[in-house]
Amino acid sequence: MLDIKRLREDTDTVIKRLELRGEDFSHLKDTLTQDELRRQIIQDVERLKKERNETSKLIGQYKREGKDTADIFKQIEDNKEEISSLEAQKNTLETSIRDTLLRTPNIPHKDIPVGKDDTQNKVLREVGDIPVFDFEPKAHWDLGTDLDILDFKRASKVAASRFTIYKGLGSRLERGLINFMLDMHVDEHGYHELMLPYIVNKESMTATGQLPKFEDDAFKLTDERELYLNPTAEVPGINMHRGEILDASELPKRYVAFTTAFRQEAGSAGRDTRGIIRQHQFNKVELIKFAKPENSYDELDKMLENSENILKALNLPYRVVEICSGDLGFSMAKTYDIEVYLPSYGTYREIGSISNAEDYQARRGNIKYRPSKDSKPEYLHTLNGSGLAVGRTVVAIMENYQQADGSIRVPEVLKGILRTDIIK
RNA sequence: GGAGGGGUACCCAAGGGGCUGAAGGGGCUGGCUUGGAAAGCUAGUAGUUCGCUAAAACGAAGCGGGAGUUCGAAUCUCCUCCCCUCCGCCA
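Start counting the first sequence at -19; every next residue gets the next number (our numbering).
If you want it as structure tokens, here you go:
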């Protein structure tokens, strides 16, 4: 959440920075007007409450002493109505201010590229060689159907479109990748493994920024408790420490979690309708960090490196892209995307996204740390990154490792897990 | 799903309308004692959020969360969440 004090003190800069996202945020000035009024009311209310508290105490005292209290009661009557009327005004203002702030995205980091959309993202580096085929390479949906390791038709019978059934070695490839990724992050990168709930509540969705603005993207359960299917492990992962004050010595906290993610994909009708690039349900290994503000950007760079290591180990060609202001996710101050090369698209497609939310989610979720024993708690920084999207990794392997006869070679590091070196 | 019992500060716990922003104990910090320590004695120990501040002082809120009754609520009423015990069901 945007810090109202920062907005108050540095209004023009904050609005200018927010507007690099390509939206108008001038309405925040009205919010500041509301905020001013709110603070005035607080002062009035508190003055009245102080009076009331003092007078009420007198009543107790008088009664104990057997004195007459009629005069004092009169005094309180007016006071009472004024307090409740002012409090009602205050609540209205606070609700409105909070709602605006919850719908205001994070301030983009000052060094990120300025741009209006994904065409202006900045490619930082390309790693690995794009495969050259001496035959016409197939898309993964054809490879998958021909090898009978992916079944789209039956999945839509069972559920709906944008679901897939993995079969045989397809299923084992997905499972093997999950294991491989988790092990690498735990054993080599020092993350602590978690298994998280697949259902999250409204408070959690709000803290990480999915709500209130992006409710349409989530699967909401028809349960009066207002629960949602996990849209990314970032939600249960970050919210694990919601409302907590962590000790400085615990930081950075590094978690890795495999979860299945569920998304409505509202607004992407007609896009990526074939194959498993864009599904309502997909598997993801997610990296999560809670870091001190002063080194969160070092932690971000390390996290990016950790994700890249997976692609390097799988020997897949990829590039790293720095997301420009106009393409930046709602809760994030800075994001790197990792894009893997896909022959069927003839270009790179996102396979992972590594971001620093700074104190934005921490503020929404009230997650703090105590810098030293005697200091006041301060908001920490939260980071999250894919490590990686498993379904899209399967796609990348299928397409990049395919052979003329329609079979797929198994990457060296997965041969043990798959117990074969070829899928045919 | 049924029947009970709970949620109070770092931890345990008392308190059931005003003298309680909260007894008592543990822990922690300091002092006395000691050659040093333990023990004992003794003092201190509500963090937090908001408002006002240059900062403090000060004020308001705060006894799981929300709403209500009242001049006044940890205490009474209602709703809700979480935890525990027993029964039923179940992977």
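Don't be surprised by glycine CBs; every beta carbon is placed ideally from N, CA and C.
Would a C-beta distance cut-off of 8 Å place residue i and residue j closer than the cut-off?
i	j	result
V337	S305	A small fix is needed here, since residue 337 is Ala in this sequence, not Val. No. Outside cutoff.
P297	Y321	yes
I158	A187	no
V374	L153	yes
A313	H89	yes
N86	G95	no
L291	I268	no
A369	F262	yes
L(-13)	V(-6)	yes
L284	G365	yes
M378	L123	yes
E302	L104	yes
Going straight from the alpha carbon of residue i to that of residue j, what length do you get?
i	j	result
L394	M161	11 Å
L280	S287	11 Å
R258	Y208	19 Å
D278	P216	24 Å
V265	V236	7 Å
I110	Y328	10 Å
R234	G332	17 Å
R205	D401	48 Å
S184	G386	45 Å
K(-15)	K118	55 Å
E179	Q190	The sequence shown places Ile at residue 179, rather than the Glu named in the question. Using only the alpha carbons, I get a separation of about 14 Å.
K29	L17	18 Å
R344	L81	10 Å
D51	T72	34 Å
T13	I129	60 Å
I92	S151	39 Å
D227	A342	15 Å
P273	R155	36 Å
F143	E358	43 Å
I39	K60	15 Å
K182	Q55	44 Å
R389	Q383	7 Å
G396	G148	16 Å
T(-9)	S6	10 Å
Would you kindly report the start and end of the unbroken beta strand (DSSP E) that includes residue i?
i	result
K96	Per DSSP, K96 belongs to no beta strand (DSSP E) and is neither H nor E.
G367	361 to 369
K(-15)	Element bounds for K(-15): not the beta strand (DSSP E) but the alpha helix (DSSP H), -16 to -11.
L174	172 to 174
L207	207 to 209
R350	348 to 350
With which residues is residue i paired in a DSSP beta bridge?
i	result
Q382	I388
V112	Answer by DSSP bridge pairing: none, since V112 is not bridged.
S333	D317
D10	According to DSSP, D10 bridges with nothing at all.
V107	Y298
F160	Looking at the DSSP assignment, F160 forms no beta bridge with any residue, so it has no partner.
V166	In DSSP, V166 forms no bridge with anything.
D339	Answer is none; D339 lacks a bridge partner.
Q261	F242
N181	L207
Y328	Y321
L267	V236, G365
Could you check which residue in the options has the C-alpha nearest to that of residue i?
i	options	result
S352	D307, I225, V94, T144	I225
A271	L360, E330, K30	L360
T362	T72, Y340, T75	Y340
I403	R343, K292, H120, L0	H120
G250	S141, K182, D385	S141
N289	S248, E168, Y42	E168
T84	T75, L(-18), A213, V(-6)	L(-18)
M220	I92, E392, N346, F113	N346
D307	E285, L294, S335	S335
E230	T239, P211, E62, H172	H172
F53	N33, M378, E67	N33
P211	L201, E379, D197	D197
P391	D354, Y349, L294	L294
A68	Y42, D97, V138, V25	V25
F115	E45, I397, N380, R155	N380
D10	S76, K43, K348	S76
T125	E302, T315, I256	I256
E(-11)	D4, L8, R78	L8
Can you tell me where the alpha helix (DSSP H) with residue i in it begins and where it stops?
i	result
T400	No alpha helix (DSSP H) contains T400, which DSSP labels as neither H nor E.
H221	It is not in any alpha helix (DSSP H) - H221 carries neither H nor E in the DSSP assignment.
F194	F194 -> no alpha helix (DSSP H), and no H or E assigned at all.
Q69	50 to 82
K137	132 to 138
Q100	Counting along the chain, Q100 falls outside any alpha helix (DSSP H), and DSSP gives it neither H nor E.
D122	120 to 126
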